[in-house]
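*Asks:* In terms of the working numbering, the sequence shown opens at residue 32 and continues consecutively.
Here a beta-carbon is modelled for each residue, glycine too, at the ideal position from N, C-alpha and C.
Computed from a prediction, not measured in an experiment: that's the story for all the values here.
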Amino acid sequence: MSLNNSYSPFLAHYLMTLLERDECVAEESDTRITTPPSIFAEACNNETYIEIWNDFMNRTGEEQEKVLLYLEQEVRQKPKERTNKTRDKRAEYPGYTPEECYQRINRSLRGTLKRRQIPMGTLECLEEEMLSFFSVTPESVYTAMMENSYQRLLLHAVCQYMDLVSASKNMGNYNGPGMGAL
Numbered sequence: 032m033s034l035n036n037s038y039s040p041f042l043a044h045y046l047m048t049l050l051e052r053d054e055c056v057a058e059e060s061d062t063r064i065t066t067p068p069s070i071f072a073e074a075c076n077n078e079t080y081i082e083i084w085n086d087f088m089n090r091t092g093e094e095q096e097k098v099l100l101y102l103e104q105e106v107r108q109k110p111k112e113r114t115n116k117t118r119d120k121r122a123e124y125p126g127y128t129p130e131e132c133y134q135r136i137n138r139s140l141r142g143t144l145k146r147r148q149i150p151m152g153t154l155e156c157l158e159e160e161m162l163s164f165f166s167v168t169p170e171s172v173y174t175a176m177m178e179n180s181y182q183r184l185l186l187h188a189v190c191q192y193m194d195l196v197s198a199s200k201n202m203g204n205y206n207g208p209g210m211g212a213l
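#1: Would you tell me roughly how many angstroms separate the C-alpha atoms of R146 and I81, rounded to the nearest one?
#2: Taking the beta carbon of F71 as the centre, do at least 16 other beta carbons fall within 10 Å, making it buried, or is it exposed?
#3: Does the beta-carbon of Y192 have 16 or more other beta-carbons within 10 angstroms, so that it is buried, or is it exposed?
#4: Tell me whether A198 is buried or exposed, calling it buried when 16 or more other Cβ atoms sit within 10 Å of its Cβ.
#5: Rounding to the nearest angstrom, what Cα-Cα distance links Y133 and E105 in this structure?
#6: I need the straight-line Cα distance from M151 to T168, nearest angstrom please.
#7: Just curious, the alpha helix (DSSP H) that Y173 is in, first and last residue?
#8: Going by CA-CA distance only, name the one from N77, L144, S171 and R90 that's closest to R183.
#9: Please state whether DSSP places N179 in a helix, a strand or coil.
#10: Could you spell out where the alpha helix (DSSP H) holding N85 opens and where it closes?
#11: Report yes if the C-beta distance between E170 and V189 is below 8 Å; otherwise report no.
#12: Spatial neighbours of N85 within its chain, please: C-beta separation below 7 Å, excluding the five flanking residues on both sides.
#13: Among T153, R107, M161 and L195, which one has its Cα closest to the Cα of N179?
#14: Taking the alpha-carbon positions, what's the E59 to G142 distance?
#15: Quick test of your reading: M161 and L195, contact by CB under 8 Å. State the CB separation rounded to the nearest angstrom.
#16: What did DSSP end up calling S197 once you bin it into helix, strand or coil?
#17: At which residues does the alpha helix (DSSP H) containing S139 begin and terminate?
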């Protein structure tokens, strides 16, 4: 039996989808306390996860055991790799200073940002979203549908600041701007 490698990225991606995206857009005046759905409820409402779960459950007991052993080995190996990758490199490399990071943003984009009053909450939310996504899955591709071109511009600025490659693309039937960041 060959193991499908989609199981280990699935776990990381699944955990990332549990983050509430509404936190980024919530208004400060909104004081309602809402309880987020449980992990189980999230899994039950997502067709992709149900499909993967059904695939797992339709395997023989021996195949299920092999998949679980494989995932356990992946978990044991990753913490060693992760500590090296997520170590704070700012003290070692001057390219990680805020000034150097800001200089990575292209000149015209910096000019646009200087001329406008930037919504810091949105900017912080985008930065946190990028940090949380790429700290869990650093080799992945982040894709987002942005509400407007200004948010797309801010996301490009955050990506350049973080030394990520970003690209915009209009999506087929979707009338709004699309964004993909590598």
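*Replies:* So, from the listed chains and residues:
#1: Counting from 1 along the sequence shown, the entry for residue 146 is found at position 115. Counting from 1 along the sequence shown, the entry for residue 81 is found at position 50. Distance between the alpha carbons of R146 and I81: 48 Å.
#2: Position 40 of the sequence shown, counting from 1, holds the residue named residue 71. With fewer than 16 Cβ atoms within 10 Å of its Cβ, F71 is classed as exposed.
#3: On the sequence shown, position 161 is the one that residue 192 refers to. Answer is buried; the Cβ neighbour count reaches 16.
#4: Here residue 198 corresponds to residue number 167 of the sequence shown, with the count starting at 1. So A198 counts as exposed.
#5: Residue 133 sits at position 102 when you count from the first residue of the sequence shown. Residue 105 sits at position 74 when you count from the first residue of the sequence shown. Approximately 36 Å between the Cα atoms of the pair.
#6: Residue 151 sits at position 120 when you count from the first residue of the sequence shown. Residue 168 sits at position 137 when you count from the first residue of the sequence shown. Between M151 and T168, the C-alpha separation is close to 25 Å.
#7: One-based indexing of the sequence shown puts residue 173 at position 142. Counting along the chain, Y173 sits inside no alpha helix (DSSP H); it lies in the beta strand (DSSP E) bounded by residues Y173 to M176.
#8: Residue 183 sits at position 152 when you count from the first residue of the sequence shown. The option with the nearest alpha carbon to R183 is L144.
#9: Within the sequence shown, the letter at position 148 stands for residue 179. N179: coil per DSSP, three-state reduction.
#10: For the purposes of this step, residue 85 is taken as the residue at position 54 of the sequence shown. E78 to M88 is the span of the alpha helix (DSSP H), which, as asked, contains N85.
#11: As a working mapping, residue 170 is identified with position 139 in the sequence shown. As a working mapping, residue 189 is identified with position 158 in the sequence shown. At a Cβ-Cβ threshold of 8 Å, E170 and V189 do not count as neighbours.
#12: Start at 1 with the first residue of the sequence shown, and residue 85 comes out as number 54. If the five residues before and after N85 are omitted, its C-beta is found closer than 7 Å to no C-beta atom of its own chain.
#13: Taking the first residue of the sequence shown as 1, we reach residue 179 at position 148. Ranked by Cα distance from N179, the options T153, R107, M161 and L195 are led by T153.
#14: If you number the sequence shown from 1, residue 59 lands on position 28. If you number the sequence shown from 1, residue 142 lands on position 111. With a pLDDT of 46 at E59, under the threshold of 50, the modelled position of that residue is not reliable, and the figure given next carries that caveat. Approximately 29 Å, taken between the alpha carbons.
#15: Residue numbering aside, residue 161 sits at position 130 when the sequence shown is read from its first letter. Residue numbering aside, residue 195 sits at position 164 when the sequence shown is read from its first letter. Contact annotation, M161 with L195: C-beta distance approximately 7 Å; criterion of less than 8 Å satisfied.
#16: Position 166 of the sequence shown, counting from 1, holds the residue named residue 197. In this structure, S197 counts as strand in the three-state DSSP scheme.
#17: Counting from 1 along the sequence shown, the entry for residue 139 is found at position 108. R138 to R146 is the extent of the alpha helix (DSSP H) around S139.
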